[in-house]
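Novice:
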Amino acid sequence: MNDHAAVKAALRAMRIETPSWAYGNSGTRFKVYAQAGVPRDAYEKVADAATVHRLTGAAPSVALHIPWDRVDDYADLARHAAEHGIRLGAINPNVFQEDDYKLGSVCHPDPGVRRKAIDHLLECVDIMDATGSKVLSLWFADGTNYAGQDSVAARQDRLADALREVYDRLGPDQRMLVEYKLFEPHFYSMDVPDWGTSYAHCVALGDKAQVLVDTGHHAPGTNIEFLVTVLHRFGKLGGFHFNSRNYADDDLMVGAADPFQLFRIAHELVRADAIRPDSGVEYMLDQCHNLEAKVPALIRSVLNVQEAVAKALLVDAAALSAAQLAGDVLGAHGVLMDAFSTDVRPLLAELRTELGIDPDPIAAYHASGYQQQIEAARIGGRQAGWGA
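Heads up: the sequence shown at position 356 corresponds to 356 in UniProt numbering, and the numbers run straight through without jumps.
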């Protein structure tokens with residue numbers, strides 16, 4: 001797509017969801033680092049998310065994590081979001097941060113613990129009803145540390161039963177996205193360790209179940225753009241949790257560690273016409289900003305995704321196809337590299353100017369005084385979760 005007007009039109013339509021938990025205090029297993037001005041409740045997280053959208057024009061929704069973002073009135077929180085110009089997005093249950101879940105949640109050998117976990121998932125569907133959310137985003141920390149610790153087969157049966165019960169509770173316009181993770185917190189087996197396991201369960205469930213890809217949840221060297229293409233081909237690519245990793249699940253800012261990988265993924269999405277809001281693919285950030293300030297880190301992340309997609313939109317598809325059909329290996333690779341090497345920042349600055357926002361969102365944030373405002377107003381900000 002070489003027409004800059006068409007590129008800008010495609011970018012104007014793309015939506016990138018930010019996560020509520022990325023606005024709170026966070027850290028490593030060793031320390032949670034407190035920052036001045038972080039939110040004290042879900043309402044202040046919404047205000048921060050709205051600031052990211054106001055300055056980027058591309059992040060009109062914020063995902064919630066329950067119970068981290070539990071409120072008395074979810075409809076009121078949805079109204080609060082609408083008043084700030086955004087909406088509430090995916091609902092993310094938490095079935096990994098209580099003592100009962102030491103041996104798993106929906107895969108736990110104790111039926112009482114499984115019942116507790118499933119009831120929480122069903123509660124989150126109720127929250128979807130109250131907020132207008134269309135997406136239930138599921139990640140399970142379930143697994144084992146030692147061979148023989150539990151029956152792998154029985155755990156898969158328990159997982160399937162739990163997913164079926166929750167799936168059957170979904171409304172006609174709601175869907176569940178099932179995430180996977182290679183390892184951690186368990187190191188012998190994870191109950192949903194890879195995209196194939198997630199895919200198999202989603203196929204068994206039906207059309208309202210799809211796979212959620214987290215870019216940090218794979219073995220080193222995994223060709224993520226390949227699996228993205230395969231999942232989309234079979235209608236099971238539901239969305240992304242975008243981040244970067246150097247070694248494992250680092251949850252660094254998307255595009256920071258390997259921008260070429262992000263571009264390659266974006267190219268496959270553009271080729272599949274999957275960046276439109278009505279494509280059925282959700283684009284979400286899932287990051288942990290331990291050292292950097294929260295709001296500008298999320299702004300930067302949105303910009304990184306936009307830059308990768310802009311480059312992907314500039315790939316000369318006709319030239320690429322001709323080179324591929326001719327067996328021109330270096331020529332085909334060169335077409336991709338030409339697009340990747342393009343400086344798309346002037347194009348994106350033009351787009352933002354056309355949208356009536358500052359062409360430099362990071363500079364605009366620092367000039368806005370918002371950081372100073374929240375630091376003065378918010379004393380005792382909360383960390384992303386509880387019990388760390």
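Virtual Cβ for every residue (Gly too), placed ideally from N, Cα, C.
1. DSSP three-state label for residue 17, please.
2. Would you check if there are 3 or more beta carbon pairs closer than 8 Å linking the region 10-29 to the region 281-294?
3. From the DSSP output, in three-state form, read off residue 108 for me.
4. Are at least three pairs of beta-carbons, each pair with one atom in the region 87-100 and one in the region 53-61, less than 8 Å apart?
5. Taking the straight line between their C-alpha atoms, what separation do you get for residue 234 and residue 180?
6. Applying the criterion that 16 or more other CB atoms from any shown protein chain within 10 Å of the CB defines a buried residue, is residue 73 buried or exposed?
7. Between which two residues does the alpha helix (DSSP H) holding residue 137 run?
8. What residue from 184, 84, 263 has the CA that sits closest to residue 305's CA?
9. Looking only at its chain, what residues have a beta carbon closer than 7 Å to the beta carbon of residue 342, apart from the 5 residues adjacent to it on each side?
10. In this structure, does DSSP put residue 397 in helix, strand or coil?
11. First and last residue of the beta strand (DSSP E) that includes residue 179?
12. For residue 373, count neighbouring C-beta atoms within 10 Å of its own C-beta (all shown protein chains included) and say buried if the count is 16 or more, exposed if not.
13. Name the one or two DSSP bridge partners that residue 210 has.
14. Taking residue 282 as part of the beta strand (DSSP E), name the residues at either end of that continuous run.
15. Considering residue 321, what are the terminal residues of the alpha helix (DSSP H) in which it resides?
Specialist: Let's see:
1. Here residue 17 is taken as the residue at index 17 of the sequence shown, counted from 1. In the structure shown, residue 17 sits in a strand (DSSP, three-state: E or B).
2. yes
3. The residue you call residue 108 lines up with position 108 of the sequence shown. Correct three-state label for residue 108: coil.
4. These segments touch.
5. Residue mapping note: residue 234 aligns to position 234 of the sequence shown, counting from 1. Residue mapping note: residue 180 aligns to position 180 of the sequence shown, counting from 1. Cα to Cα, the separation comes out at about 18 Å.
6. Within the sequence shown, residue 73 is the residue found at index 73, counting from 1. It is exposed - the Cβ of residue 73 has fewer than 16 other Cβ atoms within 10 Å.
7. As a working mapping, residue 137 is identified with position 137 in the sequence shown. Not the alpha helix (DSSP H): residue 137 falls in the beta strand (DSSP E), residues 135-138.
8. Position 305 of the sequence shown, counted from the start, is the residue given in the question as residue 305. The shortest C-alpha separation from residue 305 is found at 263.
9. Position 342 of the sequence shown, counting from 1, holds the residue named residue 342. Correct list, in chain order: 311, 314.
10. Past the edges of the chain, shown from 1 to 388, lies residue 397, and the structure says nothing about it.
11. Counted from its first residue, the sequence shown places residue 179 at position 179. Residues 175-179.
12. In the sequence shown, counting from the first residue as 1, residue 373 sits at position 373. Classification of residue 373: exposed, given that the 10 Å Cβ count is below 16.
13. Taking the first residue of the sequence shown as 1, we reach residue 210 at position 210. Partner(s): 177.
14. Counted from its first residue, the sequence shown places residue 282 at position 282. Note, residue 282: beta strand (DSSP E), 282-285.
15. Reading the sequence shown from its first residue, position 321 is the one you call residue 321. Unbroken alpha helix (DSSP H) run through residue 321: 317-325.
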